[in-house]
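Each residue of the sequence shown is one higher than the one before, counting from 1387 in the numbering used here.
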Amino acid sequence: MTPSAADLADANLLEAMRVHAGWQQPCDLVEAGGVLLIAGPNAFPGAFRNSVTRVDGGVPAAEVLRRARDFFTPRGRGYTLVARASRDPDLMTALQEAGVASLADSPCMLIESPVSPPPIPAGIRVESMTQPQHVRDAVRVNAEAYEALGLPAAETRLFFDRPQAVLSPRMIGFVAYRGVEPVATALTLLSGEGAGVYWVGTAASARRQGLGELCTRLATNAGFAHGARTVTLQASPMGEPIYQRIGYRTCDRMLRFRFAAPA
């Protein structure tokens, strides 16, 4: 059966978790029995650092929670359980009954056709991410941009501590510059018929100038140009109106439930 656009979007999200795990060293990734477990290089309990996600909806909620405990308790770490509203309703119910509240709720969005090419403002140039320096420039932008969303700058830098790992054929990146200053960026992850846009960011000095949208449009079209029939992203509160304007629509919601480290 041909996967739906929503299936392709969800598969890309799962693949993004695996790819981010591969960027981090050391990192333990265990995917077995329909559950994806990731323990990154430090104890930060983020969705792409220390997390559990159900890959197979047939795995009972109680089994997912047990396996998460068994994986993280010996490590002495807290973690984030990632749930998708349309795919994990029983898991969400189990968490709510256990008194675990959702820490964050982000729209999972998708688009099924290329968007109009963006105009590039005067004084701005955009470079494709082909060299380690491009990765470092993107990190410089996003360390600042994502700190505003609650992700410490040091944690952003740790995701990209191995620039060469980011420069793979499956990743397409863009960095916008004003002179020599990197001011905006976005990455596209290819996953067969799906693609996903990640790490959209704009430097504080360049916000409200359409540069995040510029990079998002380029990243979106790059996915389609490389064979995707669906491009997805998970929106921040600041980004959601921009993505809607581009043409993305909400197909699901990603909720994150935080579990504290064992006492």
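Idealized CB from N, CA, C, for every residue including glycine.
Predicted model only: the values in this text are computed from it and were never measured.
Measuring only the C-alpha atoms, how far is residue i from residue j?
i	j	result
His-1612	Leu-1576	8 Å
Thr-1479	Thr-1588	37 Å
Gly-1598	Ala-1425	30 Å
Asp-1547	Thr-1574	18 Å
Ala-1539	Ala-1608	27 Å
Ile-1628	Val-1617	15 Å
Val-1504	Leu-1600	The question names Val, but residue 1504 is Pro in the sequence shown. Taking the straight line from one Cα to the other gives about 6 Å.
Gly-1443	Ser-1472	10 Å
Ala-1572	Arg-1543	15 Å
Tyr-1532	Asp-1393	27 Å
Glu-1579	Thr-1606	13 Å
Ala-1647	Gly-1509	48 Å
Once you ignore the five residues that flank residue i on each side, which residues in its own chain have a CB closer than 6 Å to its CB?
i	result
Glu-1513	Val-1561
Ala-1429	Arg-1463
Pro-1568	Asp-1523, Arg-1526, Val-1527, Val-1561
Leu-1415	Ala-1407, Ile-1424
Among the residues of its own chain, which have a CB less than 7 Å from the CB of residue i, if the five just before and after it don't count?
i	result
His-1520	Glu-1513, Gly-1559, Val-1561
Gly-1633	Ile-1497, Val-1501
Leu-1489	Arg-1642, Phe-1643, Arg-1644
Leu-1477	Arg-1440, Ala-1447, Val-1450, Ala-1469
Arg-1594	none
Under a three-way DSSP split, which group does residue i fall into?
i	result
Glu-1513	strand
Leu-1489	strand
Phe-1546	coil
Pro-1405	Sequence inspection shows Val at residue 1405; the Pro mentioned does not correspond to that position. In the structure shown, Val-1405 sits in a helix (DSSP, three-state: H, G or I).
Leu-1553	coil
Ala-1469	strand
Val-1527	helix
Val-1501	coil
Asp-1414	strand
Excluding sequence positions up to five away, which residues of its chain have a Cβ less than 8 Å from the Cβ of residue i?
i	result
Cys-1413	Ala-1407, Ile-1424, Ala-1425, Gly-1426, Pro-1427
Ile-1453	Sequence check: residue 1453 is Arg here, not Ile. Result list for Arg-1453: Gly-1419, Val-1421, Leu-1423, Val-1438, in chain order.
With which residues is residue i paired in a DSSP beta bridge?
i	result
Met-1387	Partner(s): none; Met-1387 has no beta bridge.
Thr-1636	Met-1495
Going along the chain, which unbroken runs of the alpha helix (DSSP H) with 4 or more residues stay wholly within the stretch 1557-1627? DSSP runs (the alpha helix (DSSP H)) wholly in the stretch 1557-1627: 1597-1611.
Report the residue ranges of all beta strand (DSSP E) runs contained in full by the stretch 1421-1464; include only those spanning at least 3 residues, in chain order. Counting only unbroken stretches of 3 or more residues, the beta strand (DSSP E) elements lying wholly within the stretch 1421-1464 are 1421-1425, 1436-1440, in sequence order.
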